[in-house]
Amino acid sequence: ANVYDRSTIERMQGHVLHVIEQIIDNPHIRVNELELVTPEERAQIVQVWGDTAAAYPQDQTLSALFEQQAANTPDQVAVLCGAVSLTYAELNERANRLARTLRAEGVEPDQPVGILAHRSLDMIVGIYAILKAGGAYVPIDPEYPADRIRFMLEDSGAKLVLTQLHLAEQASLSFDGQVLVLDRHEQAGQDIYHEDGSNLEPLAGPHHVAYVIYTSGSTGKPKGVMVEHHSVLNRILWMHDRYGLSAEDTILQKTAFTFDVSVWELFWWSMVGSKVSLL
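Okay, so the sequence shown: first residue is 464 according to this note's numbering, each after it adds one.
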């Protein structure tokens, strides 16, 4: 009585009796075929607790929902970083211009694109541009050792990396593919931001990969986890239904973008017309 309450003992008793009944009905039953839970408990677990189905826009992508919001609230501030900011229209246009360059460089659905950047407006523009181009962003922390950066780029199969000017040398040392510098508009005689800032014809769908985030590698080599658009939306829209976010709210983007907790910080606000402040 000091360890178990009456309801727990009665439940355990029911499990024992349920096992005995199965053995009486079939003395030759294999141990791995015995069921512990009773039919009543199974109904409770599956039909009551397991009834979690919910409607959400499974045919949408992160970039498509952002574009819809940008059309609805073009002048609303979307991103704050210190004293500088971007409105929805400005972020959408800048990301579109970069996305066209990425498309020209061969980015297509399910293709991983590395982004090696510190938290900044450039980081946000780069992520949204990769998604608009149809690719999947692979976030890389500039503070990672060179060997880990090299491993992530090789293992993911990335052929292109977006980075910042002060990190370009570091990216070049770890990568044999194309490197585009987000905060240097002119590169190899070309402006990496295309002149056309209109929305692109979408290539990626809800079942294409949105991002690849690598595990810490504590149990061996780091592993890239691929997550599709519809899965991200399922998670974020559940959060919105549970906690709610209004256009007056601000999300603090505080998590390193190499960890999955950062994902809702990077996208939730963009679906409801609020804004994000980069720590």
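Backbone N, C-alpha and C define an ideal beta-carbon position, used for all residues, glycine too.
Range covered by the beta strand (DSSP E) that runs through residue i
i: Ala673; result: 672-677
i: Val576; result: 575-579
i: Ala599; result: 599-603
Cβ-Cβ separation, residue j to residue i (assumed contact under 8 Å), whole Å
i: Val576; j: Leu561; result: Wrong, their Cβ atoms sit about 11 Å apart, outside the cutoff.
i: Tyr677; j: Met615; result: 6 Å
i: Gln574; j: Gly598; result: 5 Å
i: Tyr519; j: Leu645; result: At roughly 32 Å, the Cβ-Cβ gap does not stay under 8 Å, so Tyr519 and Leu645 are not in contact.
Candidates the options, of which the one nearest residue i by Cα
i: Lys525; options: Val672, Met702, Val739, Gly680; result: It is worth fixing the name first, because residue 525 is Leu in this sequence and not Lys. It is Val672.
i: Ile603; options: Leu579, Arg563, Arg505, Leu623; result: Leu579
i: Val675; options: Val688, Ile590, Leu554, Ser681; result: Val688
i: Glu617; options: Lys684, Leu643, Gly569; result: Lys684
i: Glu556; options: Tyr591, Ala546, Leu528; result: Tyr591
i: Phe720; options: Gly660, Ala541, Tyr607; result: Tyr607
i: Leu623; options: Asn662, Leu584, Ser725, Gly569; result: Gly569
i: Gly714; options: Glu473, Asp514, Val509, Ala541; result: Note on residue identity: the sequence assigns Ile, not Gly, to residue 714. Here the closest residue by C-alpha is Ala541.
i: Glu711; options: Pro490, Gln507, Gly736; result: Gly736
i: Pro665; options: Arg563, Trp701, Val726; result: Arg563
i: His478; options: Asp610, Leu497, Ser661, Pro490; result: Leu497
Exposed unless 16 or more other CB atoms sit within 10 angstroms - verdict on residue i
i: Ile655; result: buried
i: Met475; result: exposed
i: Glu553; result: buried
i: Glu691; result: buried
i: Gln716; result: buried
i: Asn559; result: buried
i: Lys686; result: exposed
i: Ile487; result: exposed
i: Trp732; result: buried
i: Val726; result: buried
i: Leu643; result: buried
Segment limits, alpha helix (DSSP H) that includes residue i
i: Val479; result: 469-488
i: Ile612; result: 609-619
i: Ser740; result: Counting along the chain, Ser740 falls outside any alpha helix (DSSP H), though it belongs to the beta strand (DSSP E) covering 738-741.
i: Glu606; result: Unbroken run through Glu606: none, as it is neither H nor E.
Collapsed DSSP secondary structure at residue i in the structure displayed
i: Asp654; result: strand
i: Val547; result: strand
i: Ser492; result: According to the sequence shown, residue 492 is Ile rather than Ser. Coil at Ile492, not helix or strand.
i: Thr501; result: coil
i: Ala406; result: Nothing in the structure corresponds to residue 406, since the chain is present only between 464 and 742.
i: Lys595; result: helix
i: Leu643; result: strand
i: Gln539; result: coil
i: Glu691; result: strand
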